[in-house]
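Below is one structure, written out as structure tokens; the observations come after it.
There are 2 protein chains.
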Amino acid sequence: MKFSDFKKEFKMSMEDICYEIIQDDNNSIKVKNERVGVKKLKTIIETAITISNRKGFHAMSLRELCSECGLSMGGLYGYISSKDELLEVIQDQGRRLLLKVMDTYGNEKESSIDQLTRAIYTHIYLSELMQPWFFFSYMEARFFIREEQEKSIETELLTEQIFSEILEMGRLKGDFKLGDPVLTASAIKSMLQDWYLKRWKYNRRNISVDDYAKHVISFVMAFVKGDC
Amino acid sequence: MKFSDFKKEFKMSMEDICYEIIQDDNNSIKVKNERVGVKKLKTIIETAITISNRKGFHAMSLRELCSECGLSMGGLYGYISSKDELLEVIQDQGRRLLLKVMDTYGNEKESSIDQLTRAIYTHIYLSELMQPWFFFSYMEARFFIREEQEKSIETELLTEQIFSEILEMGRLKGDFKLGDPVLTASAIKSMLQDWYLKRWKYNRRNISVDDYAKHVISFVMAFVKGDC
DNA sequence: GAAAATAGAGCGAGCGCTCGAATTATTTTA
DNA sequence: TAAAATAATTCGAGCGCTCGCTCTATTTTC
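These protein sequence lines map, in sequence, to chains A and B.
Those letters in the first sequence? Residues 1 to 228, by the numbering used here.
Those letters in the second sequence? Residues 1001 to 1228, by the numbering used here.
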């Protein structure tokens, strides 16, 4: 599996998700025109993530967000009802994308090794395409209100569970030799997270997404194939 | 090496560092009485880290810090000249401790495997004792001013370099079979960082610092001993 | 020309920081 | 040793400013 192939299959665009959000009556979007609304909402979310990743969500003023999006305070408040809701929209949008892709990429008929390889590739490739959101979600999580924080923890543990289940299944089938599947899943996850958290480091060293994925795979495989 | 042994050897207390800082004329501490000054400064640093780790340094108001430390705005400003300087003091204090311990724990006469094992143990044990500072330093780094940010990056790369040098040396001696030492060092580091960044997860699962250290060691050893 | 969208001045609250008054501790004087 | 004088420390109201958010006047759209 190559990144370029994955990118092609990854058709679910942000615009589709923004369209879904605008249609959803649970939020406070006052704009009627869908064509304009979807485009603006997309800009707002992307710009908010960009500024937040530079200086933090809390330190980003809404005036700054407005001027970078090319709209006024009043204009912005046609899309959100508070700064807290903006955060919810960002999280909601990212999670929708994430869950859709994770659903698609399961395959129970593969061998344990292929399953593990595929899961690692999928996670790294996905976090490459959604790097700003993954970074945002990780770094801002501790400032979320309780409800949003619980959703974040849930998503974190869910991802980890995917790995621990593959490991556990592989151990039962005799394909893997490893101690604690949960600790191992956690170790794998920390390597995957490094890819979207330390982007500056890997850019500086000219390490491509495929270089990184291959290295993680070989690292993990050495452990699960050996006896410890 | 057990954590309890390490803890005993780790005699350098925060109070000594605070004493050094107060003696240093580069800062703006106006308090004359050393006995009171050292104690208060220690409280200020520890409380500031605690509040910051909960809600972020930027979101922590100095009024809040004052009331938790039991002093007034004026009182606080006898120790710092600005909120930015408080951040510098926190970073400075942590880095002094970190570097002192890292200097102590080198040992060039060991075998490659022992060196690697010792380096991993030292890092995990150290980050256990200084967890709040490590967490603070990692999560707030992107908000630092350029100068402070460069110091952070330098420290990050220095730690990584310790591992990549051990790995490179081991490969040359024929003890290790591995591909890229830098990528491997980076993978090890991401596992070490997980220990102080995801404390809630490991606490919830009742995983001790020694459990974690052992697992990382076995994970890394499987890779460096195998052929990839 | 009605409805939808936008603009941006204005509001109260809370921020980092200051500074003179109040309080406490120490030294000097008689 | 008690009183007076001086120094050191603590205090918190107040300053200028920016924040999230509101609301009405204006412009744009169809």
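Glycine included, each C-beta is placed from N, C-alpha and C at the ideal position.
Membership of A/Phe219 in the alpha helix (DSSP H) is indicated by the continuous run Val209 to Lys225.
In the assembly as shown, B/Gln1115 is a buried residue. Its beta-carbon has 16 or more other beta-carbons within 10 Å. For A/Asn203, the enclosing alpha helix (DSSP H) covers residues Arg199 to Arg204. A/Val36 is positioned such that its CB atom lies no closer than 8 Å to that of A/Tyr125.
With its beta carbon at least 8 Å from every one in chain A, B/Met1073 lies outside the interface.
Look at the stretch 91–111 of chain A: it has no residue with a C-beta under 8 Å from a C-beta of chain B. The shortest C-alpha to C-alpha distance from A/Ser4 to any of A/Leu129, A/Leu178, A/Ser186 and A/Glu147 is the one to A/Leu129. Among the residues of chain A, those whose CB is under 8 Å from the CB of B/His1215 are Gly179, Asp180, Leu183, Thr184 and Ala187, following chain order. For A/Tyr212, the CB contacts under 6 Å within the same chain, skipping 5 residues up- and downstream, are Trp195 in chain order.
By the criterion of a C-beta distance shorter than 8 Å, A/Gln131 is surrounded in its chain by Tyr196 and Arg199, once the five residues flanking it on both sides are discounted.
A/Phe134 places its beta carbon less than 8 Å from that of A/Ser127. In terms of beta-carbon proximity, B/His1123 stays away from the interface with chain A, with every pair separated by 8 Å or more. The DSSP-derived three-state label of B/Ala1059 is coil.
Under a 10 Å Cβ-count criterion, B/Gln1149 is classified as exposed, with fewer than 16 other Cβ atoms of the shown protein chains found around its own Cβ. Apart from sequence neighbours up to five positions away, the residues of its chain that approach B/Glu1140 with a beta-carbon distance below 8 Å are Ser1052, Gly1056, Phe1057 and Leu1087, ordered along the chain.
Per the C-alpha coordinates, the member of A/Thr50, A/Ile217, A/Gln23 and A/Asp175 positioned closest to A/Ser112 is A/Asp175. Going by C-alpha positions, A/Ser81 is about 15 Å away from A/Leu71. Buried is the label assigned to B/Asp1092, since at least 16 other Cβ atoms lie within 10 Å of its Cβ.
By alpha-carbon distance to A/Ile45, the top candidate from A/Met1, A/Cys69, A/Ala222 and A/Lys173 is A/Cys69. Interface criterion not met: the Cβ of B/Met1060 is under 8 Å from no Cβ in chain A. B/Ser1111 sits in coil when the DSSP states are folded into three classes, being neither helix nor strand. In this structure B/Met1191 is not in contact with A/Ser164, their Cβ atoms being roughly 16 Å apart against a cut-off of 8 Å. Here DSSP, grouped into helix, strand and coil, assigns A/Phe10 to coil. Using beta-carbon distances, A/Phe144 does not count as an interface residue toward chain B, since no partner is under 8 Å. B/Cys1018 and B/Lys1100 have their C-alpha atoms some 14 Å from each other. For A/Ser67, no CB of chain B lies under 8 Å from its own CB, so it is not counted at the interface with that chain. By the rule that beta-carbons nearer than 8 Å mark a contact, B/Ala1222 touches chain A.
The DSSP-derived three-state label of A/Met130 is coil.
In the three-state DSSP reduction, B/Ile1145 falls in the coil class, being neither helix nor strand.
Taking C-beta atoms under 8 Å as the contact rule, B/Ile1162 and B/Ala1119 qualify, at a distance of about 6 Å. A straight-line Cα-Cα distance of about 52 Å links B/Tyr1077 and B/Val1224. A Cβ-Cβ contact shorter than 8 Å links B/Asp1180 with A/His215. A direct Cα-to-Cα measurement between B/Glu1064 and A/Ala187 gives close to 37 Å.
Look at A/Gly174 here: in three-state DSSP terms it is coil, with no helix or strand label.
Relative to B/Leu1167, the option among B/Val1220, B/Ser1152, B/Glu1154 and B/Lys1151 whose CA is nearest is B/Val1220.
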